[in-house]
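**Student:**
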Amino acid sequence: MSTTGPITGPITGPTARPTSGTGTAPPVDPWAAAHASVEFATLRNRLRSFVFPMAAFFLAWYFLYVLLAAFAPHFMAIRVVGNINVGLVFGLLQFVSTFAIATMYVRFANRSLDPVSSRIREQVEGGGW
Amino acid sequence: MTGEPARGAVGDPLLNGGIFVFFVLVTLVIVFRVSRQTKTATDYYAAGRMFSGPQNGIAISGDYLSAASFLGIAGAIAVYGYDGFLYSIGFLVAWLVALLLIAELLRNTGKFTMGDVLSFRMRRRPVRAAAAVSTLVVSLFYLLAQMAGAGGLVALLLNVTSRQAQALVVAVVGLLMIFYVLVGGMRGTTWVQIVKATLLIIGAGMLTAWALGSFGLNLSALLGEAASRSVHGHAVLEPGLHFGKNITTKIDFVSLGLALVLGTAGLPHILMRFYTVPSAKEARRTVVWAIWLIGIFYLFSLVIGYAAAALVDGGPKRIISMPGEENSAAPLLAYQLGGELLLGFISAVAFATILAVVAGLTITASASFAHDVYANVVKHGNLDADREVLVARITACVIGVLAVGGGIVALGQNVAFLVALAFAVAASANLPTILYSLFWKRFNTTGVLWSMYGGLISCVVLIVLSPAVSGTPKSMFPSVDFAVFPLHNPALISVPLAFLLGYLGTVLSKSDQSDEAKFAEMELRALTGAGAERSLLPAEVGSSQPGPALTPITPGGSPPVSTPRGYRRRILVSTGVMAGVAVLVVSVSMSRVLASAPPGADTRPQLGPNIVSDVGPEVAIPALGGIIPVGKTPGFVAVSPNGRHAYIANRNAQVLTVVDTAINQVTATIPIPTGPPQFLAFAPDSRTLYVTIFNDQRTIHAIDVLDTATNAVIATIPQPARPYLPAVSRDGKRLFVPNHDTASLSVVGTDTNSVIAEIHVAPNPHGVTFSRDGSRAYTANHESNLVSVIDTTTLEVLATIPVGISPHSIAVHPNLPLVANANYDAGTVSMINTATDRVVATVPVGSHPQDITWAPDGRFAYVVNEASNTVTVIDARTNQVTATIPVGSNPTSIAVLPNGRQAYVSNLDSGTLTVLDLTG
């Protein structure tokens, strides 16, 4: 359980810095300190305020489609163009929305999450807390 | 039984086998080469975390696009139409759950397995044990389904039909899988996945482009053609064919939708893939690549499925008739478009798919056992990594052997529900606990255990009590019925239950406080990646990472000495070579097909027995459905092509009786003053009925033409001799009448109702029937023991086929090149392969078989035995008699409704029709 236990052993990597808890300072839990920081609260709020509503939206959108397919087949059978009906358009829209949400999330994460999270990570790993 | 009917493989089994072997060799070389780097636990479980997001995205697509996805979805669309498409949407949208809620957080908090994340802030041993149980259950169910599927696939592609040979193939698949996993570890299996996914997507893309191209890139035209070739018409373009039957199937569909969308992000072999990349950001890229690849692939599947329905000779009926049933849609389309080479390529891809997926499952299951159960539960975490990998390798062997054994047992069983079950267990046991532990601070060990075991047990119990396991002909155990739970998929109950149990377990266990400090650490790690497991090769792919200050030292110490660049280049080259070979294969086959086959040429491969799900399905042992009194001397019964009425010729009574098939009662009696009516033949439009008439004194021989709209005789056509059982051509323009006493056929023009030609055949024709395409007619000639084959254009006899003694009745199979005739004095049925015009099987039936007919889906033949007073049922797949049903006295004929649900047997001496309930 090397991920959770205290870090022991030699440190690898060219940019190794002193880790927390190795000096004579009173032991501080770097995880708790970082977790309590304003920066982390911002990160968590940003993440949650994006992924929770988005997850609720795509699940609702998906189940709307599933329920329509199951209980409103006549609506789905209405032809739009040629042999292409509402059901096919609706189904293809699920593909479009999935691709779109994935793209939106990546742009959001790259712009709004990654800079904050890497700052926190560097501070934690560098013994900043 | 003297032989088997035409059955088995499409294309050239040798070629297919050659392409399989080629793929296996290439992947073996790759696995062997990358194996030199598999030294440590991180190498073995997580491929050194050195794959990039796009590479892992391709590999994860390879893991996910199992044979069920590739062959199953295209086939379901070909046969059930739109409802097949519904699966693919659930399979795709599910990735958003993985992207938004799971992938990055999991990558940041875990090491090798799902148990790492779940046990992070809980009491480790019970939680790891639960996670391992769930992982092993899901992986084993999935493995079993894949292995059993491999048997069916090789039956289709290599013409391996014997059980022993199929078992051998399953064993070979198992051995290869063990080799990939033992030698290559996660790195080897990942490369196998990458090669396979690349080939799969290229192959599917080519099929799609080719199919769309043959409709001028007009999707609407393709859909229209698919609809026009389906017995369901435009209903194949609309939801409801498969799931829309009743409220239970609709709720079942919603339940399946829930399992699909929540199950994917809980599949252990998918979760484990997120550990093969160096960072959360790469995990994100992995999912995005997977979403695009999988989404595009499912769009291809949509086109491939409808194109198979629109383009394959024989359409959906033929597809369902092959040994792999609907799984054969994509291979058949490949054969239709590109001939043997393209078929061989697509088949090899499908075979590769099974190999790669079973390897991925095996490594997941072995990792879960070695890492979660053995190292952390049994050894309390005091096990060095080398020993752990050794245990994992041994476990992989054990799992391989178990999967081979289980796969052989499951061969031929209906185990398709195991895949749905794996998704349902993943959605109920795994996903709720993962979400709770990542996002809910109070969640504790009790909650984990209640939720996981509750979800797992409720799923398995509900499945066991469902129609998937017992109570219907398609169940795993069709002969018993303990199906008290109506749904095939338990997710609608088990997923909410697992969420509820996780909540209740947590709030009701006051003593079991969650560790808040641990939660803080976990949340921080999850969101920032601080302290996360790094790549073994930071300079290679993790160069953007800051110095890995908290990186634990890899057990095993020294970093890999050799640069992986060389290997990677070689692997990329081999992938490229295989893709190149694929392109070559497709181009060559395209040119061959274009050069050799004129449009409309019959490139039909050998066919297998068939099953159509849209009629029937008939069962092996029909039930007696009742008796209808129809007046004296009913000698012959015919059902109208639209299925609404049965007309019965009552010989000595000189009447026709009409039975309404909806209520099974006589609704009319029509006098036939010309003479005793003997045989009946409907025109394809169901409106005109031809009634042959003769008496025992041979003084009367004629045909009456009856308008069934008014039930009035509108014409009488004189005949030169006693007219036996006639047939109307497929276009309705000609009536062929066997003249029993002059060894000839009269050809009657139905526009003028006069004889326009005469064809001499061997004596004495008893019955005539047309081939499906109308180009041939077949007569059963009583005295000469011959069947004559007639060209319906030139009216020449092309061949005579020796059959049993006294052939009386003859019937063309609905979609195979197969004609069956009943030999009255031999007491047998001859099965004739019309491709070779030879008898391929002789099946003993009852005494004096007088009449034979096929079920509309061709699954069974029904033979009326006049002297035994029985009906014999023959399974077309095996040529075995599956049932002998007692009917009335002196039965003379049988007619089956076009929907395959009921048959009517005329009992000459009883004055009745026996109704047989063919669907049990």
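Heads up: the sequence lines are chains A and B, in that order. Our numbering numbers the first residue of the first sequence as 1 and each following residue consecutively. Our numbering numbers the first residue of the second sequence as 1001 and each following residue consecutively. Just so you know, even glycine gets a beta-carbon here, dropped at the ideal spot from N, CA and C.
(1) Between the C-alpha atoms of Phe-1682(B) and Leu-1689(B), what's the straight-line distance to the nearest angstrom?
(2) What does the Cβ neighbour count give for Asn-1610(B), buried or exposed, with the cut at 16 atoms within 10 Å?
(3) I'd like to know if the segment 1709-1722 of chain B and the segment 1753-1762 of chain B are in contact, where contact means that at least 3 CB-CB pairs between them fall below 8 Å.
(4) Bridge partners for Ser-1893(B) per DSSP, in chain order?
(5) Reducing DSSP to helix, strand and coil, say where Gln-1697(B) ends up.
(6) Closer than 7 Å between beta carbons: that is the criterion. Which residues of the segment 1509-1528 of chain B meet it against chain A?
(7) Less than 8 Å between the beta carbons of Thr-1872(B) and Val-1845(B), yes or no?
(8) With Arg-1163(B) as the anchor, note down where its beta strand (DSSP E) starts and where it stops.
(9) Short of 8 Å Cβ to Cβ, which residues in the segment 1311-1333 of chain B face chain A?
(10) Does any residue of chain B have a CB that is nearer than 8 Å to the CB of Val-89(A)?
(11) Hey, how far is the Cα of Leu-1383(B) from the Cα of Val-1389(B)?
(12) Just by C-beta distance, which residues in the segment 1249-1262 of chain B are closer than 7 Å to chain A?
(13) Note down, in chain order, every chain B residue with its Cβ under 9 Å from the Cβ of Ala-55(A).
(14) Taking Asn-1652(B) as the reference, which of Gly-1631(B), Asp-1063(B), Asn-1642(B) has the closest Cα?
(15) Can you check whether the C-beta of Ala-60(A) is within less than 8 Å of a C-beta belonging to chain B?
(16) So, helix, strand or coil for Met-1122(B), using DSSP?
(17) Using a cut-off of 7 Å between C-beta atoms, extract the partners of Glu-1783(B) located in chain A.
(18) Looking at C-alpha atoms only, which residue of Glu-1521(B), Val-1864(B), Tyr-1904(B) is the closest neighbour of Ala-33(A)?
(19) Closer than 8 Å, CB to CB, is Val-38(A) near chain B or not?
(20) Secondary structure at Asn-1056(B), three-state DSSP: helix, strand or coil?
(21) Going by CA-CA distance only, name the one from Ala-1103(B), Leu-1099(B), Leu-1105(B) that's closest to Thr-103(A).
(22) Counting only runs of 4+ residues fully inside the segment 1288-1322 of chain B, write out the alpha helix (DSSP H) ranges in chain order.
(23) Looking only at its own chain, which residues have a Cβ that is under 6 Å from the Cβ of Arg-1393(B), when we skip the five neighbours before and after it?
(24) I need the boundaries of the beta strand (DSSP E) containing His-1766(B), first residue and last residue.
(25) Could you check where the alpha helix (DSSP H) with Gly-1400(B) kicks off and where it finishes?
(26) Using the C-alpha atoms, what's the distance from His-1269(B) back to Val-1277(B)?
(27) Taking 8 Å as the threshold (beta carbon to beta carbon), is Ser-1220(B) in contact with chain A?
(28) In terms of residue numbering, what span does the beta strand (DSSP E) encompassing His-1808(B) cover?
(29) Less than 8 Å between the CB atoms is what I'm expecting for Ile-1363(B) and Thr-1198(B), so what's the real figure, rounded?
(30) Here's the rule I'm using: 16 or more other beta-carbon atoms within 10 Å means buried, otherwise exposed. How should Gly-1062(B) be labelled?
(31) Helix, strand or coil, according to DSSP, for Arg-1651(B) in the structure here?
(32) Can you round the beta-carbon distance between Val-1349(B) and Gly-1203(B) to whole angstroms, since I take them to be within the 8 Å contact cut?
(33) Check whether chain A comes within 8 Å of Phe-1215(B), counting only Cβ atoms and requiring the distance to be less than that.
(34) Compare the C-beta of Trp-1292(B) against all C-beta atoms of chain A and say whether one is closer than 8 Å.
(35) Do you know offhand how far Gly-1900(B)'s Cα is from Leu-1262(B)'s?
(36) Checking contacts by CB at 8 Å: is Pro-73(A) closer than that to chain B?
**Tutor:** If we stick to the structure as given:
(1) 5 Å
(2) Model confidence at Asn-1610(B) stands at a pLDDT of 31, short of 50, so the residue's coordinates are unreliable; what they give is reported in the following sentence. Buried is the call here.
(3) yes
(4) Ser-1906(B)
(5) coil
(6) Ala-1517, Ala-1520, Glu-1521, Glu-1523, Leu-1524, Leu-1527, Thr-1528
(7) yes
(8) Counting along the chain, Arg-1163(B) falls outside any beta strand (DSSP E), though it belongs to the alpha helix (DSSP H) covering 1163-1179.
(9) none
(10) no
(11) 10 Å
(12) Lys-1250, Phe-1253, Val-1254, Gly-1257, Val-1261
(13) Leu-1096, Val-1097, Leu-1100, Leu-1101
(14) Gly-1631(B)
(15) no
(16) coil
(17) Within 7 Å Cβ-Cβ: nothing; Glu-1783(B) doesn't reach chain A, min ~54 Å.
(18) Glu-1521(B)
(19) no
(20) helix
(21) Leu-1099(B)
(22) 1315-1321
(23) Leu-1182
(24) 1765-1770
(25) 1385-1410
(26) 15 Å
(27) yes
(28) 1807-1812
(29) Contact doesn't hold; Cβ gap of about 20 Å is too wide.
(30) buried
(31) coil
(32) 5 Å
(33) no
(34) yes
(35) 39 Å
(36) yes
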